[in-house]
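S.K.: Mind having a look at this structure? Questions to follow.
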Amino acid sequence: MGDWAKKDNVLIERVDGLLSVAPVRRKNMFGSSAWFLESNDMTFAGVWGGAIMVRVGAERTSILIESGLAEPFDPMGGKPMREYVLLNSERIAEDDTLLQWLDEASEFAGALPPK
């Protein structure tokens with residue numbers, strides 16, 4: 137099993153602020169926090185150390201990883217989650233950019249059937 141990333145409370149609070157009016161809820165996941173849509177209870181984003189993982193679908197994930205814009209999200213070590221990518225702190229430095237990623241991820245997850 138991979139090592140859990142250290143919890144970044146500042147980043148968690150930042151995401152909470154950006155999502156404060158969105159119909160989402162935060163839960164503990166992978167030793168940190170993840171956000172779930174209230175509409176279908178699907179995870180769409182989470183904090184992993186100083187980075188953000190977003191759920192954008194397998195095809196978009198491949199494109200982002202191949203282009204170098206994101207890394208695979210592999211919390212367990214050796215088995216990346218195929219619909220998620222990890223965006224480092226440089227990619228999410230600006231709130232507008234982070235919010236665009238959160239919007240894209242929530243749109244993708246919102247189209248999935250409820251759990």
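So for the sequence shown, the numbering used here puts the first residue at 137; every next one is plus one.
Heads up, the beta-carbon is just placed ideally off N, CA and C, and yes, glycines get one too.
These numbers come from a predicted model, not from an experiment.
(1) Which value, in whole angstroms, describes the spacing of the CA atoms of Val221 and Val157?
(2) Within the chosen definition, does the region 176–187 reach the region 196–205 through at least 3 CB pairs nearer than 8 Å?
(3) Roughly how many whole angstroms lie between the Cα atoms of Thr233 and Asp152?
(4) Using a Cβ-Cβ cutoff of less than 6 Å, which residues in the same chain neighbour Arg218 once the five nearest sequence positions on both sides are dropped?
(5) Would Asn176 and Ala245 qualify as a contact pair, given that the criterion is a beta-carbon distance under 9 Å?
(6) Of all the CB atoms in chain D, is at least one closer than 9 Å to the CB of Lys142?
(7) Look up Glu179 in the DSSP assignment and give the residues it is bridged to.
(8) Identify which residue in Arg161, Ala187, Leu147, Val160 has its Cα closest to the Cα of Arg227.
(9) Can you give the beta carbon distance from Leu154 to Leu238, rounded, assuming they're within the 8 Å contact cut?
(10) Scan the region 161–240 and note each continuous alpha helix (DSSP H) run of 4 residues or more that stays entirely inside, going in chain order.
(11) For Leu205 and Asn224, I'd like the C-alpha separation in whole angstroms.
M.R.: In terms of the structure at hand:
(1) 24 Å
(2) no
(3) 15 Å
(4) Ala194
(5) yes
(6) Checking the listed chains, one finds no chain D in this structure; it contains a single protein chain.
(7) The amino acid occupying residue 179 in the given sequence is Thr; Glu does not appear at that position. Beta-bridge pairing links Thr179 to Phe172.
(8) Ala187
(9) 6 Å
(10) 194–203
(11) 9 Å
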